[in-house]
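Below you'll find the structure, written out as structure tokens, and then a few comments.
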Amino acid sequence: MPIPKGPRFGLLTTLSYIRNPYGFFERTVSRYGQPFGCHTMGGPLVLSGRPEDVKDIFRADPMIFEPWNVDMLEPVLGSNSVILTSGTKHREYRKLLTPPFHGQRMRSYAQRMATAAHDCASEWLEGENFRAYNFTQSVSLEVILDTVFGVTDPAVRGELKALLPELLDLGNGLPMFLKFLRLPVIPSWRRFTAVRKKTDRLIRRQIHDRALADDGGDDILSMLLRAEYDDGSRMEELEVRDQLLSILSAGHETTAIAMAWTLYWLHRHPEKLDRLLEEISQRAPTGDPEALTQIPYLDAVVNESLRIHPVIPDVPRKLCQDAELMGCKLKAGTSVGAVAFLTHRDPDIYEEPEKWIPERFLDRKFTPFEFYPFGGGNRRCIGAAFASFEAKVVLGTILTSYRFQLLDNRPLSVERRHVTLMPQGGVRMKYLGQR
32 MPIPKGPRFG LLTTLSYIRN PYGFFERTVS RYGQPFGCHT MGGPLVLSGR PEDVKDIFRA
92 DPMIFEPWNV DMLEPVLGSN SVILTSGTKH REYRKLLTPP FHGQRMRSYA QRMATAAHDC
152 ASEWLEGENF RAYNFTQSVS LEVILDTVFG VTDPAVRGEL KALLPELLDL GNGLPMFLKF
212 LRLPVIPSWR RFTAVRKKTD RLIRRQIHDR ALADDGGDDI LSMLLRAEYD DGSRMEELEV
272 RDQLLSILSA GHETTAIAMA WTLYWLHRHP EKLDRLLEEI SQRAPTGDPE ALTQIPYLDA
332 VVNESLRIHP VIPDVPRKLC QDAELMGCKL KAGTSVGAVA FLTHRDPDIY EEPEKWIPER
392 FLDRKFTPFE FYPFGGGNRR CIGAAFASFE AKVVLGTILT SYRFQLLDNR PLSVERRHVT
452 LMPQGGVRMK YLGQR
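Residues 32 to 466, numbered by our numbering, are exactly what the sequence shown covers, in order.
Dropping the structure here:
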């Protein structure tokens with residue numbers, strides 16, 4: 032049962048995919064069509080962005096899959112991560128983790144998100160140049176420390192603010208992609224293991240202290256410690272730690288990147304920014320954070336940024352048994368993936384797909400096989416609603432409060448950060464002062 036035609040050289044294919052995924056996808060589809068197969072360092076992989084193939088993957092029995100490339104993510108997330116588990120354990124974790132990221136609990140965090148945005152913006156001086164990604168990353172980290180970790184001690188907060196971004200930065204090194212480089216003599220791996228140990232000790236101390244306090248806190252850590260499986264048992268300390276690291280990694284960086292891209296596109300198209308500000312003035316004149324999330328055009332703006340630049344361009348998973356998917360008979364051990372980058376730029380779905388046009392999300396509702404920036408099926412990101420909610424609160428808050436100038440007023444390429452893709456250079460902007 033051979034996989035479809037595609038690139039055949041494991042190391043070269045892997046490096047091409049790591050360094051320039053957009054170019055890799057475009058070249059490969061141009062030559063081989065969809066679905067296409069490739070032999071990577073992680074084994075055979077079949078990819079497609081055709082909606083019918085995406086539907087095939089997302090609607091397949093989840094029990095035939097296991098996480099893809101666990102070796103690449105486990106050093107950062109831990110072996111108990113909801114992202115890296117499968118079967119019954121994965122389902123149990125999702126059941127415990129999902130409630131805090133939806134509904135009234137999520138909405139109760141709106142004011143804290145707006146406050147975090149103002150606090151980070153207060154550091155700017157008028158006329159100061161900054162990188163949008165650095166700002167949105169700072170805001171997102173503040174939100175996580177507040178809503179997820181519930182950290183109030185300034186000293187502990189300072190330690191986590193220093194360690195967590197460094198952990199993610201080091202998690203972007205080649206040893207994560209190429210396991211044979213995980214040696215003490217490799218400086219980046221040596222530094223990563225040292226920072227990972229420090230982070231682990233700090234997070235486990237937070238878990239221990241919060242469990243002792245048992246104060247009914249409304250942060251997500253407190254809720255995880257109180258959450259019970261169907262049999263009445265609770266998660267072990269290491270399980271909680273790995274879920275916190277997963278939330279940090281998956282939620283912090285992806286939301287920050289999406290917000291940075293949105294700032295970029297809005298300031299490349301000032302007429303769209305003017306329309307957004309006008310709609311906010313009509314629908315949320317007092318700047319109420321929760322009201323901002325109900326503005327259709329702001330939702331369309333965020334969605335269009337996620338369409339044209341999906342933070343995670345493809346979402347593979349590995350078959351643990353033989354299966355027929357995408358019209359192919361595939362053997363166990365083969366990985367299959369939906370490529371959001373290809374789907375989101377399909378001209379049969381999106382007219383003029385290379386252009387940033389938020390209005391397309393007002394004119395039409397796309398299926399979960401045509402628009403899936405947070406993945407799909409039983410592995411759709413549990414924090415998807417939370418991430419969109421946060422992006423709308425933060426963007427609505429800063430855009431109505433402050434004025435900016437885009438310094439990178441040109442097409443931007445992407446750079447890889449582990450499994451995510453961010454705007455190269457981080458989007459350079461200038462702070463012009465308050466509105």
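The C-beta atom is built at its ideal place from N, Cα and C for all residues, glycine as well. All figures in this text were calculated on a predicted structure; none of them were measured in a lab.
Cα-Cα separation between residue i and residue j, rounded to whole angstroms
i: D200; j: A291; result: 17 Å
i: V370; j: S444; result: 18 Å
i: T365; j: D345; result: 16 Å
i: I429; j: P327; result: 18 Å
i: F211; j: L205; result: 10 Å
i: P384; j: I339; result: 8 Å
i: L269; j: N111; result: 8 Å
i: A244; j: E123; result: 26 Å
i: L255; j: R265; result: 8 Å
i: G368; j: H133; result: 27 Å
i: M72; j: Y48; result: 11 Å
i: R125; j: V113; result: 7 Å
i: A141; j: P320; result: 6 Å
i: S312; j: K423; result: 15 Å
i: S117; j: V458; result: 37 Å
i: R306; j: W296; result: 13 Å
i: P75; j: D84; result: 17 Å
i: I238; j: H70; result: 42 Å
i: R257; j: V174; result: 21 Å
i: I88; j: G408; result: 8 Å
i: R62; j: F56; result: 10 Å
i: C468; j: K36; result: Because the chain in this structure spans residues 32 to 466, residue 468 falls outside the shown range and cannot be described.
i: H149; j: T431; result: 11 Å
i: T286; j: Q135; result: 20 Å
i: P25; j: E446; result: Since the first residue of the chain shown is 32 and the last is 466, residue 25 is not available in this structure.
Span of the alpha helix (DSSP H) around residue i
i: P327; result: P327 to I339
i: A369; result: First-last for A369: S366 to V370, but that is the beta strand (DSSP E), not the alpha helix (DSSP H).
i: Y295; result: E284 to R299
i: A225; result: P218 to A244
i: A322; result: P320 to L323
i: I251; result: I251 to R257
i: F392; result: R391 to D394
i: P206; result: L205 to F208
For residue i: DSSP bridge partner residues
i: F400; result: Note: F400 sits in no beta bridge, so no partner.
i: Q455; result: None; Q455 has no bridge partner.
i: Q465; result: Y433
i: R448; result: T451
i: K362; result: Its beta-bridge partners do not exist; DSSP assigns none.
i: E309; result: E309 pairs with nothing; no bridge assigned.
i: E355; result: K360
i: M460; result: F161 and L437
Proximity of residue i and residue j at Cβ, strictly below 9 Å
i: T167; j: L294; result: yes
i: I234; j: L128; result: no
i: T224; j: L194; result: no
i: T324; j: F420; result: yes
i: G181; j: L104; result: no
i: R81; j: D377; result: yes
i: F372; j: Y164; result: no
i: Y462; j: L214; result: no
i: V342; j: L452; result: yes
i: R299; j: N440; result: yes
i: M144; j: T178; result: yes
i: P389; j: E335; result: yes
i: A418; j: A289; result: yes
i: E401; j: T374; result: yes
i: S171; j: D249; result: no
i: S280; j: G202; result: yes
i: P106; j: R227; result: yes
i: G414; j: P66; result: no
i: I95; j: Q352; result: yes
Residue span of the beta strand (DSSP E) that contains residue i, given as start and end
i: P347; result: D345 to L350
i: E270; result: Unbroken run through E270 is the alpha helix (DSSP H), E268 to I278; no beta strand (DSSP E).
Item to check | Minimum length 4: unbroken alpha helix (DSSP H) runs contained in the region 106-192 | outcome: 118-128, 134-138, 141-152 and 163-174
Checklist entry - Taking the runs of the alpha helix (DSSP H) that are 4 residues or longer, which of them lie wholly in the region 64-110? => result 82-89 and 101-108
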